[in-house]
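Working notes for the structure below.
Numbering (my numbering), first residue to last: 5 to 383.
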């Protein structure tokens, strides 16, 4: 029977497959082989996703994906193909199926390890969009090194844009550690066709206009009222949602003098916004309101805490571009968030709704701010 990869059947592994699995394992690996006992344990205890590829009733490959509870990370524990059927697309079919299984569980990432000298496997994974993360020395039984690779699984589909506009929000990386807010505003400006001849200069100009002066350590970041004022100045329509009235983020500094300066700056911004008729809505900016604003073609610059991502307690501005039933999609201007990915891959990053809810807001009092931006009616 002539082989055709499209005729493969992917089914759950059973004890009947143990002989074939053991044979494939022995033919595929010299060290770190999965034992028959371990294969049986994966099957009997229904651990992770363990599937075999069958051709004409014969097992010719398998994959095992493991999951860690309370994380969004999947691990491709093992994938192997019978040598007789290699270079025929079986490995890629298994990899695609493994990713589909992880994606169905709403995992953000797939991670795996490969021997640094396994060029065939590395070629397949790189071609499938995996990025090198780190080398783990002497990882395997023979003391050889492992290369750790990772891939972001969910992808935003442009036909999911519910405002009817199929154009993605352009991505921009902040050029300093303290200009995440201005970089987010610049992305929104580009989307709404606001001219900006020199973005590098404009990034710092927006920061000078919107900075709170002091923030935790180093240069101060931008406040919500200042960002709203900067957006209004550049011809955008603005609506500001804050969790409490008056100045925010004062808890980020201990000095009473610094608090007073921050408050005076924000009070000036608040007065200017009120004079311009910009709505300042005090209360909880809900997920339903976010979805409504995105559906209307608006963008949202949101204040988040980075703690849920990297356990560093820092306020951070991101641009929310879209959302669906499972994810909020953001353009995160901080290139350190996912340094192993290109700028194009950091565009429309999917954040699970539950994760975003934990991240939205900053400080012990969970102060929240969302600068809702749209095209001005006269533009």
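Even glycine gets a Cβ: it sits at the ideal position worked out from N, Cα and C.
As the structure is a prediction and not an experimental result, all values here were calculated from the model.
Task: Nonlocal neighbours in the same chain, by C-beta distance under 7 Å from residue 168, ignoring five residues either side - done: At residue 168, the pLDDT of 48 sits below 50, so the modelled position is not reliable; the number obtained from the coordinates is stated separately. So the list is empty, once near-sequence residues are dropped.
TODO: Give me whichever residues DSSP pairs with residue 57 in a beta bridge.
DONE: 14, 65
Task: Cβ pair residue 184, residue 321 closer than 8 Å - done: Going by C-beta atoms, residue 184 is nearer than 8 Å to residue 321.
- [ ] Whole angstroms is fine: what's the gap from residue 154's alpha carbon to residue 49's?
- [x] 27 Å
Open item on the list: Check this for me: beta carbons of residue 65 and residue 34, under 8 Å apart or not?
Closed with: no
Task: Per-residue DSSP class, three states only, for residue 9 - done: Residue state, collapsed to three classes: helix.
Task: Cβ-based burial, residue 130 [other Cβ within 10 Å; buried from 16] - done: exposed
Task: residue 230 versus residue 356 - alpha carbon distance - done: 29 Å
Open item on the list: According to DSSP, residue 246 sits in a beta bridge with which residue or residues?
Closed with: 286, 373
Open item on the list: Please report the distance separating the alpha-carbon of residue 22 from that of residue 361.
Closed with: 44 Å
TODO: Measure the Cβ-Cβ separation of residue 63 and residue 105 and say whether it is below 8 Å.
DONE: no
- [ ] Determine, using beta carbons only, whether residue 149 and residue 102 come nearer to each other than 8 Å.
- [x] no
Open item on the list: Taking contact to mean 3 or more Cβ pairs, one atom from each stretch, closer than 8 Å, check whether the region 288-300 and the region 225-241 are in contact.
Closed with: no
- [ ] Verify the contact flag: residue 187, CB atom, against every heavy atom of the ligand SAM, threshold strictly below 7 Å.
- [x] No copy of the ligand SAM appears in this structure; indeed no ligand is present at all.
Task: The beta strand (DSSP E) enclosing residue 29, as first and last residue numbers - done: Per DSSP, residue 29 belongs to no beta strand (DSSP E); it is in the alpha helix (DSSP H), 22-32.
- [ ] Counting only the same chain and skipping the five closest in sequence on each side, list residues whose C-beta sits under 6 Å from that of residue 58.
- [x] 13
Open item on the list: By the DSSP assignment, the beta strand (DSSP E) with residue 335 in it spans what residues?
Closed with: 331-335
- [ ] Kindly identify the DSSP beta-bridge partner or partners of residue 354.
- [x] 333
- [ ] Please state whether DSSP places residue 381 in a helix, a strand or coil.
- [x] coil
Open item on the list: Measuring only the C-alpha atoms, how far is residue 6 from residue 28?
Closed with: 21 Å
Task: At least 3 beta-carbon pairs within less than 8 Å: the region 172-183 vs the region 320-339 - done: yes
TODO: Look at the Cβ atom of residue 371, then the Cβ atom of residue 294, and state whether they are nearer than 8 Å.
DONE: Not a contact, by the Cβ cut-off of 8 Å.
Open item on the list: Could you compute how far the alpha carbon of residue 132 sits from the alpha carbon of residue 285?
Closed with: The straight-line gap from Cα to Cα measures roughly 45 Å.
- [ ] Can you check the region 262-310 for any beta strand (DSSP E) of at least 3 residues that lies completely inside it and give the ranges in chain order?
- [x] Whole beta strand (DSSP E) segments, 3+ residues: 284-286, 303-309.
Task: Which listed residue (380, 363, 350) has its alpha carbon closest to that of residue 173 - done: 350
- [ ] Closer than 6 Å by C-beta to residue 83: which residues in its own chain qualify, once you throw out the five before and the five after it? Chain order, please.
- [x] 67, 98
Task: Under 8 Å between C-beta atoms of residue 36 and residue 144 - done: yes
Task: Residues of its chain near residue 26, where Cβ-Cβ distance is below 6 Å and the 5 sequence neighbours each way are ignored - done: Close CB contacts of residue 26 within its chain, under the 6 Å cut and outside five residues either way in sequence, are with 40 (chain order).
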